[in-house]
Amino acid sequence: MSEGSQIVYLNGSFLPIGEARVSVLDRGFIYGDGVYEVIPSYRRAPFRMPHHLRRLQASLDGIRLANPMNDEAWDALVRDLIARQPFEDQSVYLQVTRGVAKRDHAFPKGAAATVFMMSNPLTLPSRDQVEHGVAVVTADDNRWLRCDLKTTSLVGNVLMRQFAADHGAVETVMFRDGWLTEASASNVLVVRGGTIVAPPKDHQILPGITYDATLEFAREAGMAMEIRPVRREEALAADEMWLSSSTKEVLAVTSVDGSSFAGGEPGPMFRRMYAAFQSHKPAASRRA
Ligand code: PDD
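Numbering-wise (the working numbering), the sequence shown opens with residue 994 and increments by one.
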């Protein structure tokens, strides 16, 4: 596929990405005034689409923007977009902004929402990352207090993710007032004494679809879990720490701030969890 020929969706049409154009007055460009979703799709089957569409609705409600489509229409569009790509496992990105209008912070009257969708190859963590875990760094969470909304205003997360990149780490794990929140682009769970401990889904973290899937699969597998706030000291002294996201699935943390963490290898609970996660994916795209 040549650069620029990938088929994307913009405001009612499918077209090559090189021809997709949005006005410079789009409020997504001017204000980051929009919301988005990332839906993994295995062997062209979207994973947990109803959950993603529910979260999309919650994000739209949170920024007071009417949903431009019903769930059936979203579902059909996502599947249509997937069918138009030459690769099997995909990461569908969709965003809705408040549309094009003269610059004024207050909502414009009568502007139509901009809807953009693209689908890229789903790049899952490498075998080495799964088997040996990944490095994270830590920082104080300085983002706004509506982290439960999946908005396109992501500069706070961008700076955190770059901080990780600057230190050769995959993620920055954040703490607000000494409590674990999440990472720049994933949720964080820890394991203490054989129990998975996950911070509650409140306004300080994104309600991750993979976080929910992880806890659901863990429950089915008979693993113990608790949902409660986690102190920084507790997280940093945990037996295991995991990241979860649509593009990372579940990944073990084996280095924190440049020091070996949890023995430097993914722990036994992670191995169980990873196997449980893989067993819930369509057979053809499972990893050993
Ligand atoms: N990010 N927390 C943050 C801040 C995130 O950006 C994400 C996902 C998650 C995990 O959510 P989910 O399990 O639904 O993917 C948690 C996506 C993948 C992204 O922005 O690319």
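Don't be surprised by glycine CBs; every beta carbon is placed ideally from N, CA and C.
Bear in mind the structure is a predicted one, so any value in this text is a computation, not a measurement.
In the three-state DSSP reduction, Arg1037 falls in the coil class, being neither helix nor strand. Contact check for Cys1140 against Gln1197 passes: the beta carbons are separated by less than 8 Å. Non-local C-beta neighbours of Pro1118 in its own chain, meaning closer than 8 Å and more than five positions away in sequence, comprise Val1127, Lys1241, Glu1242, Leu1244, ordered along the chain. Judged by beta-carbon spacing, Ala1206 lies beyond the 8 Å limit of Arg1047, meaning their Cβ atoms are not closer than that value. Between Arg1224 and Trp1172 a beta carbon distance of about 6 Å is seen, short of the 8 Å cut, so the two are scored as contacting. In this structure, the beta-carbon distance from Leu1115 to Ser1146 does not fall below 8 Å. Nearest in C-alpha terms to Gly1055, of all of Phe1007, Trp1067, Ile1075, Thr1090, is Thr1090. The stretch 1179-1212 is shown to contain whole beta strand (DSSP E) runs of 3 or more residues at 1180-1185, 1188-1191, in chain order. Here Glu1258 carries a coil assignment [DSSP, helix/strand/coil]. Counting along the chain, Leu1236 sits inside the beta strand (DSSP E) bounded by residues 1233-1238. Closest option to Gln1078, judged by alpha-carbon separation, among Ala1269, Pro1061, Arg1036, Lys1102: Arg1036. Taking Gln1271 as reference, the option from Phe1210, Ala1231, His1125, Ala1066 with the minimal CA-CA separation is Phe1210. Within the same chain, Arg1091 come within 6 Å of Leu1058 by CB-CB distance, once the 5 residues on both sides are set aside. Taking C-beta atoms as the reference points, Val1249 and Ala1176 fail to come closer than 8 Å. Counted as a single uninterrupted DSSP element, the alpha helix (DSSP H) harbouring Pro1043 occupies residues 1042-1055.
Partner residues in the beta bridge of Gly1027, as assigned by DSSP, are Thr1090. Beta-bridge partners of Trp1172 (DSSP): Arg1169, Arg1224. Closer than 7 Å to some heavy atom of the ligand PDD: that does not describe the Cβ of Leu1182. Annotation: the stretch 1071-1143 contains the following complete segments of the alpha helix (DSSP H) (minimum length 4 residues), in chain order: 1120-1125. In terms of CA proximity to Pro1222, Asp1170 leads the group Asp1170, Ser1052, Gln1155, Arg1096.
The secondary-structure analysis by DSSP pairs Leu1003 across a beta bridge with Ser1006, Phe1109. Listed by position along the chain, the residues with Cβ atoms less than 6 Å from a non-hydrogen atom of the ligand PDD are Val1031, Asn1150, Glu1175, Ala1178, Ser1179, Asn1180, Leu1199, Gly1201, Ile1202, Thr1203, Tyr1204, Ser1237, Ser1238, Ser1239, Thr1240. Note: Ala1217 is bridge-paired with Thr1188 in the DSSP secondary-structure output.
Collapsing the DSSP output to three states places Leu1229 in a helix. No Cβ-Cβ contact shorter than 8 Å links Arg1020 with Gly1011. About 5 Å separates the Cβ atoms of Asn1060 and Leu1053, confirming a contact at the 8 Å cut-off. Two segments are said to touch when three or more pairs of C-beta atoms, one from each, lie closer than 8 Å; by this definition the stretch 1213-1222 touches the stretch 1259-1267.
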